[in-house]
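Colleague: If you want this note's numbering, it's the position in the sequence shown, counting the first as 1, plus 1.
The structure is given below, and queries will be raised subsequently.
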Amino acid sequence: MVMFSSVVVIWEEPLEPNGITLKYTIRHWEEANPDEKHSIDVSSLARNHTIENLSASTKYLVDIQAINKK
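Right under this line is the structure:
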């Protein structure tokens, strides 16, 4: 649950990458509104990202996907 208007998400690179990681795609959405997903692509070198403009006292879900080149 978000208590402020932003959150920092942190991840590690995949243990067994399926090729060269080109970027990461981060998606987030309100738990109560799963059809309205927001996404952003970040550098393959990034290991954290700040998601901003969130609503306080709202539950969010986040997923992070490595985009690879085989």
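From the three backbone atoms N, C-alpha and C, an ideal C-beta is built for every residue, glycine too.
All values derive from a computational prediction rather than experimental measurement.
Which residues mark the beginning and the end of the beta strand (DSSP E) in which Leu46 is found?
Modeller: Looking at the DSSP string, Leu46 is not in any beta strand (DSSP E), and its letter there is neither H nor E.
Colleague: Do you know offhand how far Ser6's Cα is from Thr22's?
Modeller: Rounded to whole angstroms, Ser6 to Thr22 spans 30 angstroms at the Cα level.
Colleague: Is Ile11 closer than 7 angstroms to Asn49 when the C-beta atoms are compared?
Modeller: For Asn49 and Ile11, yes; Cβs fall inside 7 angstroms.
Colleague: Anyone know if the C-beta pair for Ala57 and Tyr25 falls short of 7 angstroms?
Modeller: Against a cut-off of 7 angstroms, the Cβ pair of Tyr25 and Ala57 comes out as no contact.
Colleague: When burial is assigned at 16 or more other CB atoms within 10 Å of the CB, is Ile41 buried or exposed?
Modeller: Counting Cβ neighbours within 10 Å, Ile41 comes out exposed, since fewer than 16 surround it.
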